[in-house]
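The sequence shown maps to residues 736 to 1280 in the numbering used here. Cβ atoms here follow ideal geometry from the backbone N, Cα and C, with glycine treated the same way. From a predicted model like this one, the values you see are computed outputs, not experimental measurements.
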Amino acid sequence: MTRRPTAWRSKAFWGNALTLATLMLLAWGLSTLQVDDWWPARPLVTRWTGAGVSLAGYAFFCGVLLWRSRAGTRQDEDSGAANEEASVLVVHASQTGFARQLAERSADSLRQSGMPVKVRNISEVDQAMLASCRRALFVASTTGEGDPPDQALSFVRDVMAHPASLQRLRYAVLALGDREYESFCSFGHQLDDWLRRHGAQALFDLVEVDNADESALRHWQHHLGQLGGVTDLPDWTPAIYQPWTLLERRELNPGSAGARAFHLAISAPAGSVPRWVAGDVAEIGPRHAPGAIAGWLAEAGIADATVAVDGKLTALSHLLAGSHLPAVGETRGMGAQALAAQLKPLPHREYSIASLPTDGSVQLLLRRQLRADGSPGIGSGWLCDYAEVGGEIALRLRSNPNFHAPDTARPMILIGNGTGMAGLRAHLKQRIASGARRNWLLFGERNADRDFFYGNEVRDWQAQGWLERVDLTFSRDQPQRIYVQARLQAASSVLRQWVDDGASIYVCGSLAGMAPGVDAVLREVLGDSRVEDMLADGRYRRDVY
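As structure tokens, then:
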């Protein structure tokens, strides 16, 4: 934590003192120019007394102000100390100002979620500040051939060059760079590596941004929304969707103790040839239920009408369905076109793709989420409840290089739970298509008879030799709760052997519980140093949420 200077040490104090001394010196100089009496009548003694009392009162008043200022400063310091742990520290390391701009936008998003935030230049950050902080976000540029920006040089020299104890810190890094350079996002990776090696735990994996790529920035904002517990913050740059078609929707776990989970198949627009690989993501433009829009228009007293948006005509109800609905009281007396002009689009939702282009459709596995009042969330409600089979789905594909597949010659360990099976399924399909057989799947859910998503496929792949090993755990099938990380721990000797053989480890699923539990087992079995080396080499990758 940085401290404020005491009053007598501050620049303001010495500036005022210097100004007062200059004025007194000027007054003395002017008085020496008077050779004759310039005061025709000297003040009476009573007036001297009155002036003295006034001067003393003024001095007393100034003293009170100084005391209150210093007391206020101490109170601010105490308050700052009390809020230190609650605040999210947002740090920018910028060369051109872009990282600072993104840091400030990130801070604004968190503030809209109700979270206290402090924004700092990386040159202002020291080990004491990091050690006292619970959560920190770093927006870090890379310059030249992998160099840190000028603003970060003192941090590299005075902080990163020394050991630190950061076990309390949870962090995330947004790394900015240019793929034309060989050391793409190098400083962001160096910072991420230094934080991990000194005990800090990642809130989510590093996000790389190539030349201000808007899709990567939306992915970062998606994580910010999850961090703040708010998923309806407007996108900084809304995705430009294409009109895909919902082909199939099928519930996979009827009667489950958990939330309902659905398999969806969505086909591309006619004439298009979409490309994606295992690990990529589908960005969906959600919509409100038709009944909710009709009810809102009736309550607002606004008739549905045709409106012009960006030179195109559309129905107001259609526009409202994909927008944040303003409070009815804010729209009283407003016409349809005026209302359309102020609407803000709903933010995107992103889902791991569970299929390959050869399957003929983008396939998703998602869980129907409910709000506190029992109503479905906007994204999952649209896809699981309201969108009609055969109807239009606004969709955009996003490349996710951080979760792309390893070399097919490497063994692959795939670990996940719940709807994380989506990302694992795509990787298994891609491995099988390439002829890679050395695959090990570890998967966990609640009940085997209801929650083993794509279980028939997994059994077939195992029977055909595409899965060398499968470890399953269903937590509710026995009195003692057993989770996927426990299965990994029980197979520690096999884990070491696979890693010795060059295996890559891919984790997909829940950020709360599963992912940190798996990470803890990996570090216990393999050692921190080896896990850090695998992270640096790209042999340990995660897609967690």
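Contacts around residue i, its chain only, beta-carbon distance under 6 Å, and the 5 residues preceding and following it disregarded
| i | result |
| --- | --- |
| Ala835 | In the sequence as displayed, the identity of residue 835 is Arg instead of Ala. So the list reads His827 and Ser829, once near-sequence residues are dropped. |
| Lys1164 | Leu1091 |
| Leu800 | Below a pLDDT of 50, predicted positions are generally treated as unreliable, and Leu800, at 43, falls in that range; no measurement from the model is reported. |
| Asn1135 | Gly1014, Asp1015 and Val1016 |
| Cys920 | Thr877, Ala910, Gly912 and Glu943 |
| Arg1022 | Ala1056, Gly1057 and Trp1117 |
| Glu1127 | Pro978 |
| Gly850 | Note that residue 850 is Met in the sequence shown here, rather than Gly. So the list reads Val823 and Gly963, once near-sequence residues are dropped. |
| Ala899 | Gln862 and His933 |
Integer Cβ distance of residue i from residue j, believed to fall under 8 Å
| i | j | result |
| --- | --- | --- |
| Gln1098 | Ser1090 | 4 Å |
| Leu1284 | Asn1174 | No answer is possible for residue 1284: the residues shown for the chain start at 736 and end at 1280. |
| Gly1125 | Leu981 | 7 Å |
| Val908 | Leu888 | Contact doesn't hold; Cβ gap of about 18 Å is too wide. |
| Gly1114 | Arg1067 | Actually they are not in contact, since the Cβ atoms of Gly1114 and Arg1067 sit about 30 Å apart, beyond 8 Å. |
| Leu938 | Arg905 | 5 Å |
| Arg1276 | Ala1250 | No, Arg1276 and Ala1250 are not in contact; Cβ-Cβ is about 12 Å, not under 8 Å. |
| Val1256 | Gln1220 | 5 Å |
| Ser1096 | Ile1001 | 6 Å |
Beta-carbon gap between residue i and residue j smaller than 8 Å
| i | j | result |
| --- | --- | --- |
| Ser1052 | Pro1080 | no |
| Gly1179 | Thr1208 | yes |
| Val825 | Ser848 | no |
| Gly1262 | Phe1138 | no |
| Ser1227 | Val1260 | yes |
| Gly923 | Asp945 | no |
| Leu964 | Leu845 | Per the sequence presented here, residue 964 reads as Gly, with Leu not at that position. No, they are not a contact pair. |
| Gly881 | Ser858 | no |
| Trp971 | Pro1004 | no |
| His998 | Leu1060 | no |
| Val874 | Val852 | no |
| Leu1246 | Pro1082 | no |
| Gln1104 | Ala1198 | no |
| Arg1102 | Ala1024 | no |
| Ala1129 | Tyr976 | yes |
| Ala1140 | His1162 | yes |
When the options are compared against residue i, the one with the closest alpha-carbon
| i | options | result |
| --- | --- | --- |
| Asp1195 | Phe890, Cys1243 and Arg1160 | Arg1160 |
| Val1234 | Met1147, Pro1009, Leu872 and Leu1074 | Met1147 |
| Leu952 | Ala838, Leu1246 and Leu1223 | Ala838 |
| Gly1244 | Gln961, Leu1257, Phe1188 and Gly1158 | Gly1158 |
| Gly1020 | Val854, Met895, Leu1054 and Arg1166 | Leu1054 |
| Ala947 | Val1063, Arg914 and Gly1237 | Arg914 |
| Gly1046 | Ala1075, Pro1025, Ile1028 and Ala1035 | Ala1075 |
| Ala1271 | Glu1018, Arg1131, Ala875 and Arg931 | Arg931 |
| Val1253 | Val1008, Leu987 and Leu1177 | Leu1177 |
| Asn988 | Asp1142, Asp1186, Gln1197 and Val852 | Asp1186 |
| Gln902 | Pro973, Val1042 and Ala935 | Ala935 |
| Arg1258 | Leu1130, Tyr1280, Leu1246 and Leu1230 | Leu1230 |
| His958 | Ala974, Leu941 and Pro973 | Leu941 |
| Leu872 | Ala896, Trp955, Thr831 and Arg1102 | Trp955 |
| Glu949 | Arg1222, Leu1132 and Ala1140 | Leu1132 |
| Ile1037 | Val1012, Arg892 and Ala1073 | Ala1073 |
| Arg870 | Val854, Pro884 and Gln1232 | Val854 |
| Phe1188 | Tyr1218, Asp1206, Gly1155 and Gly1170 | Gly1155 |
| Gln1077 | Thr966, Val1008, Glu983 and Val1042 | Val1042 |
| Asp1142 | Gly1237, Glu1192, Gly1248 and Phe833 | Gly1237 |
Spatial neighbours of residue i in its chain, beta-carbon cut-off 7 Å, leaving aside the 5 residues before and after
| i | result |
| --- | --- |
| Asn856 | His827 and Gln886 |
| Arg803 | Because the pLDDT at Arg803 is just 43, under 50, the model does not fix this residue reliably, and the value given afterwards should be weighed accordingly. Excluding residues within five positions, none has a Cβ falling inside 7 Å. |
| Arg1172 | Gly1200, Trp1201 and Glu1203 |
| Ser1264 | none |
| Ile1028 | Ser1052, Leu1055 and Ala1056 |
| Gly1273 | none |
| Phe890 | Ile857, Ser858 and Val860 |
| Val1242 | Ile1150, Gly1151, Ala1250, Val1253, Arg1277 and Val1279 |
| Asp1268 | none |
| Arg1010 | Pro1092 |
| Arg744 | With a pLDDT of 42 at Arg744, under the threshold of 50, the predicted position of this residue should be treated as unreliable, though the coordinate-derived value follows. Cβ neighbours of Arg744 beyond the five flanking positions: none. |
| Trp929 | Met895 |
| Ile1217 | Thr1208 and Ser1210 |
Contacts around residue i, its chain only, beta-carbon distance under 8 Å, and the 5 residues preceding and following it disregarded
| i | result |
| --- | --- |
| Thr1093 | Ala1168 |
| Asp1039 | Leu1032, Ala1050, Leu1051, Ser1052 and Ala1071 |
| Val894 | Val860, Asp861, Gln862 and Leu865 |
| Tyr916 | Thr877, Gly879, Glu880 and Gly881 |
| Arg1222 | Leu1177, Gly1179, Asp1206, Leu1207 and Thr1208 |
| Glu1034 | Val1063 |
8 Å Cβ cutoff, residue i in contact with chain C
| i | result |
| --- | --- |
| Ala1168 | Here there is only one protein chain, and chain C is not present. |
**Prompt:** Do the region 1204–1220 and the region 1116–1128 meet, that is, are 3 or more Cβ pairs less than 8 Å apart?
**Reply:** No, because fewer than three Cβ pairs between the region 1204–1220 and the region 1116–1128 fall closer than 8 Å, the two stretches do not touch.
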